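Trainee: Numbering (the working numbering), first residue to last: 1 to 861. Note that CB positions come from ideal geometry on N, CA and C, so glycine has one too. Note that this is a predicted model, so its numbers are computed, not measured. Got a structure for you, questions after.
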Ligand code: BGC
């Protein structure tokens, strides 16, 4: 280290070491979160001793979609679980009880900041307590093995360290709020195709060093109260029955003491699941546990003591969550973080997650030098064109079980309009609408849902956020499966424009749409078909109706729905139908031409491009990485007429950007959560720096990506690439990605001044050489130098730690990042066990996995 002292006190957030339980690693001194430290054994044994077999087995089986039964005799309340991960949906799969919607997990990981993840957790715990939820079904810590993975948006990263560190921050935060987590999906649910049955063949080294590593890190550092076992098999055994991975590895080696909950409907066999280490089969009421488990005990197939072990873990969870009388909760509710402003947290996370991929000069600066197009200087703007369907209808979250219903959404258009001075004109044009489904009716509609019995009796009435009526797991209060006959979505619609509007109806049942006096549709909706019944239920086919309507003329409207099927699961309270609406639209060519005209007449053009629910969601994988519809053409044509074109990519995972070198600025907003537009305006106008770094490599073309096969062959998916996913694979090819792992620009520049190492830490000093305050993510990679001839094959380099530092203009900041023992280890085959590989390693310090600024050496004995 050079002798110059830092010019101001260090402002570095806590550094984040690689996972590992190695004794000499300072990384492992991080304490597990305090909430788990109470000893509940006496109270748990007392409660267990008071239960008969039938009650015990009931506790291991969902009583409905989201909860376990109460046992008042022992003072046990019903434990309620809820998805996760970006909000807390609660018991209702509907907009009835709105939730704060935070940015999606790829966005959270893009902050590279576990402290922010922890604060997100505090907010989520507050939301959970408000909704009576004890356990959040999150975080999702499977890896970005392939960019095609349908739930890529819901996982953090292609790197096990970054995933583990962010996941541990999240778990700690939620649990410090007195609410449990279930880290999911243990393990190997890295894609969606045939997810219920696929057998993922993963060799021991990648299994340990990649896929299990985030779970191991989180168990070791944050002590989660729960884990959720995945649908898939690993190496021939379905995960809900995987004795080796659950009982020997997770519980035995790592010391996990929490509850193991199945993914929804993943438990398939009573005895094998219990023996495999599963504690709770969800959802109910009919599962392989409950009565079938009592029968298995009575038939002598399993011992009651095996049931007791699982019940103990459920009682421990209840004690921790404050649902068992006589057990002080792990966190005193009075001491849990509270009074958190959800909108503020959502906005802060969203702007910290924005990854600025490219920011080139586009205008002549007054002093003659060219400066990057961002941040936009609002004082120099007279007219701004905001373009793209997603600019008005932002895709704020990813689909499937991650869905929550926020009370409000700030679109990019609204966010920019609010942030720009009043005298700046904002012109909007759709340009290209990639959605193949018509969006749910919202603007101009006032709607209520009325739940009716067969005799017309009103069972319940709920206000509607939009035209989508949904229930999954529980109906509104007052509605039962037995009584419910029909639901009417009723209210008024006042068109904003005159012309031919499109209305759609969709649902698995009989649908009748009346607008004014006219019956516009009266017929059968979609049938419940498809390989994934959940997906078929969630996305029923739609019928389109054209209607010539006049602006400003209010119309009464009712969509009556008589369901055929209760939903994807037998006995489950479920309902799903929708009214869609889109404004009169020009044809596609005319839409693009209108956007080009708007851009040509503006001082800057902001184009928001997005994926859709149809191409990126839970339940299926992507088939390509292209932006759907004509969005690529839209960007290229706008960029051709406006040199200050800024493209905002609103997707949860990589998309191809063939135009990326033709526009001066490209940034990723991910699925940004409910404050999307407010956060985007913060960044575009320079109120805040975009703080994100890529948590995953962004390929230029799908064909270049290291893993492009997510479809099993004869039921098996071979993880043939072994250790080489993400940047570990890109480093071995001559093909460069569009943007590497770790990349992301800010609004200032950094000089990496010096690095100093000890055997177990790295000290780095960086200086902000720009003219505004900034935030830098200092990344440490470890690269073997090849002086150990018998070392097993390893990647060229791997992430070993990172830290965020802040400094004002001209100032420096220093950070010390631990180098834990695990960073020097490999899982040895065939005997098993971690093996330290001695030798000299380069410690590479930089701004991304390819922009490495300083190198030092460290020797491992
Ligand atoms: C998902 C889980 C989710 C569960 C409950 C499953 O389909 O894989 O992640 O927690 O549903 O919604």
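1) Note the first and the last residue of the continuous beta strand (DSSP E) segment covering residue 93.
2) The alpha helix (DSSP H) with residue 242 in it runs from where to where?
3) Can you pull the DSSP bridge partners for residue 818?
4) Roughly how many angstroms lie between the CA atoms of residue 486 and residue 451, to the nearest whole one?
5) Just mark residue 655 as buried or exposed, buried being the case when its beta carbon has 16 or more other beta carbons within 10 Å.
6) State the beta-bridge partners of residue 427 as determined by DSSP.
7) Relative to the C-alpha of residue 206, which residue among 169, 299 and 828 is closest?
8) Mapping DSSP to helix, strand and coil, what is residue 153?
9) For residue 177, is the classification buried or exposed, using 16 other Cβ atoms within 10 angstroms of its Cβ as the cut-off for buried?
10) Quick check: is any heavy atom of the ligand BGC less than 6 Å from the C-beta of residue 264?
11) Where residue 691 and residue 555 are concerned, what is the direct C-alpha to C-alpha distance, given to the nearest angstrom?
12) Residue 586: buried (16+ other C-beta within 10 angstroms of its C-beta) or exposed?
13) Of the residues 674, 680, 737 and 712, which one's Cα is nearest the Cα of residue 694?
14) Are residue 627 and residue 592 touching if we call contact CB-CB under 7 Å?
15) Hey, is the region 237 to 249 in contact with the region 750 to 766, meaning 3+ C-beta pairs nearer than 8 Å?
16) Residue 83: beta carbon under 6 Å from a heavy atom of the ligand FAD?
17) Along the beta strand (DSSP E) that carries residue 743, what are the first and last residues, could you check?
18) Evaluate residue 495 with the Cβ neighbour count: other Cβ atoms within 10 Å of its Cβ, from every protein chain shown; 16 or more gives buried, anything less gives exposed.
19) Rounded to whole angstroms, what is the Cα-Cα separation between residue 62 and residue 698?
20) Suppose only complete runs of 3+ residues qualify. What are the beta strand (DSSP E) ranges in the region 758 to 809, listed by chain order?
21) Would you mind listing the beta strand (DSSP E) stretches within the region 642 to 721 that are 3+ residues and don't spill past its ends, in chain order?
22) So, does the region 162 to 182 touch the region 130 to 146, judging by three or more C-beta pairs under 8 Å?
23) Relative to the alpha-carbon of residue 131, which residue among 87, 152 and 793 has its alpha-carbon at the smallest distance?
24) May I ask you to report which of helix, strand or coil DSSP gives residue 556?
25) Would you call the region 120 to 127 and the region 370 to 381 in contact, with 3 or more CB pairs under 8 Å?
26) Going straight from the alpha carbon of residue 428 to that of residue 420, what length do you get?
27) Please state the DSSP three-state secondary structure of residue 26.
28) Between the region 140 to 159 and the region 202 to 219, can you find at least three pairs of beta-carbon atoms closer than 8 Å?
29) Using DSSP's beta-bridge definition, name the partner residues of residue 756.
30) Take residue 832 and list the residues in its own chain whose beta-carbon comes closer than 8 Å to its own, dropping the five residues that flank it on each side.
31) State the Cα-Cα distance for the pair residue 116 and residue 709, rounded to the nearest angstrom.
32) Which value, in whole angstroms, describes the spacing of the CA atoms of residue 490 and residue 557?
33) Quickly, what does DSSP pair residue 487 with across the bridge? List them, please.
34) Is it buried or exposed for residue 546, if we count other Cβ within 10 angstroms and need 16 for buried?
35) From residue 456 to residue 676, what does the alpha carbon distance come to, in whole angstroms?
36) Residue 766 and residue 747 - do their beta-carbons sit closer together than 7 Å?
Mentor: Quick answer:
1) Per DSSP, residue 93 belongs to no beta strand (DSSP E) and is neither H nor E.
2) Counting along the chain, residue 242 falls outside any alpha helix (DSSP H), and DSSP gives it neither H nor E.
3) Within the DSSP secondary-structure output, residue 818 pairs in a beta bridge with 761.
4) 6 Å
5) buried
6) Partner(s): 385.
7) 828
8) helix
9) buried
10) For residue 264, the Cβ falls inside the 6 Å cut-off from some heavy atom of the ligand BGC.
11) 47 Å
12) exposed
13) 737
14) no
15) At 8 Å Cβ cutoff, the stretches do not touch.
16) In the structure on display, the ligand FAD does not appear, and the ligands it does have are the ligand BGC.
17) Premise fails: residue 743 is in no beta strand (DSSP E) and is neither H nor E.
18) buried
19) Each residue's Cα considered, the two are about 40 Å apart.
20) 761 to 768, 774 to 784 and 798 to 807
21) 645 to 650, 665 to 668 and 716 to 718
22) yes
23) The shortest Cα separation from residue 131 among 87, 152 and 793 belongs to 87.
24) strand
25) no
26) 14 Å
27) Its pLDDT being 29, under 50, residue 26 is placed unreliably in this model, and the value from its coordinates should be taken loosely. The answer is helix: DSSP assigns residue 26 an H, G or I state.
28) yes
29) 763
30) Around residue 832: 204.
31) The straight-line gap from Cα to Cα measures roughly 34 Å.
32) Distance between the alpha carbons of residue 490 and residue 557 is about 6 Å.
33) Answer by DSSP bridge pairing, in chain order: 451 and 561.
34) Flag for residue 546 reads exposed.
35) Roughly 42 Å separates the two Cα atoms.
36) no
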